[in-house]
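Worksheet: the structure to be examined is printed underneath.
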Amino acid sequence: MSYVAIADRDHEQEHHDPQTFITKYIWSQDHKVIAVQYGLTAIFVGLIALGLSAMMRLQLGFPDEFTFINPENYYQFITMHGMIMVIYLLTALFLGGFGNYLIPLMVGSRDMVFPYLNMLSYWVYLLSVIILVVSFFVPGGSTGAGWTLYPPQAIMAGTPGVDLGIILMLVSLAVFIVAFTMGGLNYITTVLQARCKGMTLMRMPLSVWGIFTATVLGLLAFPALLVSAIMMLLDKTLMTSFFMPAISSMGTDPGYTGGSPILFQHLFWFFGHPEVYIVALPAFGIVSDLLSTHARKNIFGYRMMVWAIIAIGGLSFVVWAHHMYVSGMNPYFGFFFATTTLIIAVPTAIKVYNWVLTLWEGNIHLRVPMLFAIGFIFTFIHGGLTGLFLGNVTIDLPLSDTYFVVAHFHMVMGVSPILVVFGAIYHWWPKITGKMYNETLGKWHFWMTFLGTYAIYLPMHYLGFAGVPRRYFAMGNTEFLPESAQDLNAAITISALFVACTQILFFANMIWSLWKGPKSDPNPWDATTLEWQTPDHPPKHGNWGHELPVVHRWAYDYSVPGHEEDFIPQNVSADDAPAGREHGGEHAIVATKEHK
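With positions in the sequence shown counted from 1, the corresponding number in my numbering is that position plus 63.
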């Protein structure tokens with residue numbers, strides 16, 4: 064696929080630079096500005112969710128000490144924390160933030176194929192965030208149905224935020240999906256149609272592959288969430304019975320007949336498990352690029368890594384019901400979904416092996432991005448191993464409603480992707496801003512965050528084995544729980560508050576960098592990918608000046624024998640530098656030894 068229609072017609076296109084502050088920074092159609100808008104909005108709403116989790120931990124660690132946290136507030140905090148972190152932070156940040164910034168630069172395009180639609184996608188996303196935040200301030204407050212919004216509880220009297228709270232949540236989700244669809248169609252079309260000359264699919268960096276595949280998953284999975292949100296909205300407002308069975312509420316008949324709460328669970332988790340990989344696959348790709356760049360070694364088994372990403376994406380659609388073992392599933396279905404859950408671990412394990420082999424005998428530079436990438440490998444392996452426990456029906460049933468699930472989910476879906484987010488920001492910060500940050504402060508940020516999260520979630524696995532139930536506002540005098548459980552909860556709370564406060568280091572570092580940080584080199588990491596080869600630093604509107612780049616090699620020519628430097632950019636021709644062995648090769652270990 065070396066012929067690219069849009070790239071071949073680049074000389075025919077007119078490129079209009081924005082002329083005013085508003086068109087440059089507010090109603091901007093520049094993918095880089097839109098990426099920053101996505102990132103800042105997602106981080107803002109993520110900080111709200113972080114504050115909610117801190118209040119939840121205060122209640123769990125020190126019950127009855129904080130009178131402003133009552134049971135209704137607690138369940139609202141749980142719901143909003145979970146939904147914000149999974150949807151409005153991680154999905155928006157990986158696809159809207161990193162996807163927007165990296166795709167055109169990494170594939171050698173001037174911008175997204177549909178810049179105006181790209182601009183609209185951000186503003187519709189912002190609208191969804193505003194609707195969500197408004198739900199905190201309506202009568203009754205935000206919904207407290209739990210982040211999975213299971214009916215019939217979600218829209219029945221007695222649940223916090225049962226009136227406007229749940230309605231605004233469902234409307235916000237629907238609006239978010241519209242925004243994602245606008246952006247997603249842009250990402251896919253740009254990757255398929257706007258790559259520069261020589262940028263074949265098998266020369267694309269793995270970051271692009273991860274974001275591209277995750278976008279395909281989202282376009283296939285988000286419709287399930289959209290229709291379930293609309294159907295529940297109709298159940299709530301028009302008294303339809305898609306999900307609401309014939310039921311009595313506080314001695315009265317609300318008028319529902321014949322709906323199926325289990326149908327909602329199937330729709331939600333048909334979206335919900337691919338959503339795990341909508342977040343994970345971009346993280347996999349970004350980590351691969353960080354490891355290769357900072358280990359000065361080509362990625363081990365590039366083609367295998369690409370096909371593993373695709374395989375994980377496909378298999379993610381046939382494992383959803385392992386979240387529903389406790390719903391009363393036919394044993395044959397339980398066997399099927401347990402089997403597919405174990406199968407999806409195979410391509411995931413391939414990626415882990417390839418990351419480790421990329422590091423093996425590499426010239427590892429333990430800079431801040433590399434620390435976060437290696438930290439991700441640790442947390443992801445630990446979280447993945449506990450997933451093997453929960454993928455088996457007989458083990459999942461007793462652990463499903465305990466803190467073991469909370470620990471597993473946060474290690475895989477919380478800590479791991481957040482480490483990648485930090486690593487990616489540190490890695491591409493010089494490209495985005497033209498400034499360098501304080502390396503020492505960045506390393507303090509890593510170690511305090513990494514060790515602090517282990518102090519939170521490793522003990523939480525023990526709480527799960529001890530039978531401590533999740534979702535409880537207070538345990539009370541529960542005789543089957545050991546006394547150590549409460550002491551451990553208090554210690555976990557202290558660790559959680561420590562990690563939350565640690566993030567001040569990150570923001571202080573970034574603000575200092577913008578204000579007083581030294582100017583960075585155009586390519587401070589000696590990276591090979593195209594985003595580091597732009598004629599301007601940071602790149603201007605249109606990215607590439609008068610001529611688009613031409614790609615002559617894959618994205619991982621590090622430590623190539625016969626070349627003076629230990630990297631060869633993708634746009635350097637074979638006449639100017641020796642050709643490496645594309646898609647992995649046995650020269651890598653020998654070459655790395657030569658450059659040590």
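Ideal Cβ positions, reconstructed from N, Cα and C, are used throughout, including at glycine.
In this text, all values refer to a predicted model and were calculated from it rather than measured experimentally.
*Excluding the 5 residues preceding and the 5 following proline 324 in the sequence, name in chain order all residues of the same chain whose CB lies nearer than 8 Å to its CB.*
Only Tyr213, Pro214, Pro215, Phe306, Met307, Pro308 meet the Cβ criterion.
*asked:* Could you check whether phenylalanine 485 and glycine 527 sit closer than 8 Å to each other, using their CB atoms as the reference points?
replied: Going by C-beta atoms, glycine 527 is not nearer than 8 Å to phenylalanine 485.
*Pull up the distance between the alpha-carbon of phenylalanine 275 and that of tryptophan 332, whole angstroms please.*
Whole-angstrom Cα-Cα distance: 22 Å.
*Could you pull out every unbroken alpha helix (DSSP H) segment of at least 4 residues lying fully inside the segment 311-386, listed in chain order?*
The qualifying runs are 324-358, 365-378.
*Check whether the Cβ atoms of threonine 496 and proline 601 lie closer than 8 Å to each other.*
Contact flag set, yes.
*Neighbour-count burial assignment, threonine 83, 16 or more Cβ in a 10 Å radius*: Threonine 83 should be labelled exposed.
*What is the DSSP secondary structure of threonine 556, counted as helix, strand or coil?*
Three-state result, threonine 556: helix.
*asked:* alanine 277 and leucine 344 - do their beta-carbons sit closer together than 8 Å?
replied: Yes.
_If you follow the alpha helix (DSSP H) that phenylalanine 452 is in, where does it begin and where does it stop?_
From DSSP, the alpha helix (DSSP H) with phenylalanine 452 extends over 431-453.
*Could you name each continuous alpha helix (DSSP H) segment of 4 residues or more that falls completely within the segment 202-284, going from the start of the chain to the end?*
List check, alpha helix (DSSP H) in window: 227-256.
*asked:* For the pair the segment 133-143 and the segment 196-206, tell me if three or more CB-CB distances fall below 8 Å.
replied: Proximity of the segment 133-143 to the segment 196-206 meets the contact definition, three or more beta-carbon pairs being nearer than 8 Å.
*Hey, could you find the ends of the alpha helix (DSSP H) glutamate 502 is sitting in?*
For glutamate 502, the uninterrupted alpha helix (DSSP H) run begins and ends at 502-528, by DSSP.
*Using three-state DSSP, classify proline 612 as helix, strand or coil.*
In this structure, DSSP gives proline 612 a state outside helix and strand, which the three-state scheme calls coil.
*Just the C-alpha distance for threonine 655 and leucine 180, rounded to the nearest angstrom, thanks.*
With a pLDDT of 40 at threonine 655, under the threshold of 50, the predicted position of this residue should be treated as unreliable, and no value is reported.
*asked:* Counting only beta-carbon separations shorter than 8 Å, does alanine 553 have a partner in chain C?
replied: You won't find chain C in this structure, because it holds only one protein chain.
*Would you tell me roughly how many angstroms separate the C-alpha atoms of phenylalanine 107 and glycine 530, rounded to the nearest one?*
Taking the straight line joining both Cα atoms gives about 35 Å.
*asked:* With three or more C-beta pairs closer than 8 Å as the rule, is the segment 557-564 touching the segment 499-516?
replied: Flag = yes, the segment 499-516 and the segment 557-564 touch.
*Residue range of the alpha helix (DSSP H) that includes phenylalanine 472*: Per DSSP, the continuous alpha helix (DSSP H) segment holding phenylalanine 472 begins and ends at 466-473.
*Per DSSP, what kind of secondary structure is phenylalanine 129 in: helix, strand or coil?*
Residue state for phenylalanine 129 is assigned as coil, using DSSP reduced to three classes.
*asked:* Suppose you measure from the CA of alanine 257 to the CA of tyrosine 138; what does that come to, to the nearest Å?
replied: Take the alpha-carbon of alanine 257 and the one of tyrosine 138: they are about 46 Å apart.
*What residues match up with phenylalanine 630 in a beta bridge as DSSP calls it?*
Per DSSP, Tyr621.
*Could you give the DSSP three-state label for lysine 498: helix, strand or coil?*
Lysine 498 falls in the strand class under three-state DSSP.
_Can you look up proline 532 in the DSSP assignment and give me helix, strand or coil?_
Reduced to three states, the DSSP call for proline 532 is strand.
*How about leucine 152 and alanine 98: do their beta carbons lie closer than 8 Å?*
Against a cut-off of 8 Å, the Cβ pair of alanine 98 and leucine 152 comes out as no contact.
*To the nearest angstrom, how far is it from the Cα of serine 172 to the Cα of tyrosine 535?*
Cα-Cα distance, rounded: 51 Å.
*asked:* Let me make sure I understand the geometry here. Which of Asp226, Leu283, Leu482, Ala217 has the alpha-carbon closest to that of isoleucine 251?
replied: Measuring from the Cα of isoleucine 251, the nearest candidate turns out to be Leu283.
*Take valine 96 as the anchor and find which of Asn136, Ala105, Tyr164 has the nearest alpha-carbon.*
Closest by C-alpha distance to valine 96, out of Asn136, Ala105, Tyr164, is Tyr164.
*Please go through the same chain and pick out, in chain order, the residues whose beta-carbon is closer than 7 Å to the beta-carbon of isoleucine 373, but skip the five residues on each side of it.*
Short of 7 Å from the beta carbon of isoleucine 373, and not among the five residues preceding or following it, lie these beta carbons of its own chain, in chain order: Thr276.
_Just to confirm my understanding: we take valine 478, look at its own chain, exclude 5 residues before and 5 after, and list those with CB closer than 8 Å. What are they?_
Cβ neighbours of valine 478 beyond the five flanking positions: Thr442, Gly446, Thr516, Tyr520.
*Inter-residue spacing [alpha-carbon to alpha-carbon] between valine 415 and isoleucine 166*: Rounded to whole angstroms, valine 415 to isoleucine 166 spans 24 Å at the Cα level.
_Contact belief for serine 379 with leucine 288 at Cβ below 8 Å, rounded distance in angstroms_ = About 14 Å separates the beta carbon of serine 379 from that of leucine 288, a gap too long to meet the 8 Å contact definition.
_So, with DSSP's three-state summary, where would you put lysine 582?_
Lysine 582: strand per DSSP, three-state reduction.
_Please return the same chain residues whose Cβ sits closer than 7 Å to the Cβ of tryptophan 507, not counting the five positions on each side in sequence._
Taken in chain order, the residues that qualify are Leu568.
*asked:* What does the Cβ neighbour count give for serine 355, buried or exposed, with the cut at 16 atoms within 10 Å?
replied: The residue is buried, with at least 16 neighbouring Cβ atoms inside 10 Å.
*asked:* Would proline 223 and glutamine 92 be called neighbours here (beta carbons separated by less than 8 Å)?
replied: In this structure, glutamine 92 does not lie closer than 8 Å to proline 223 by Cβ.
*Is the beta carbon of leucine 268 sitting closer than 8 Å to the one on alanine 537?*
A quick correction: the sequence has proline, not leucine, at residue 268. Inclusion of proline 268 and alanine 537 in the CB contact set at 8 Å is not warranted, their separation being larger than that value.
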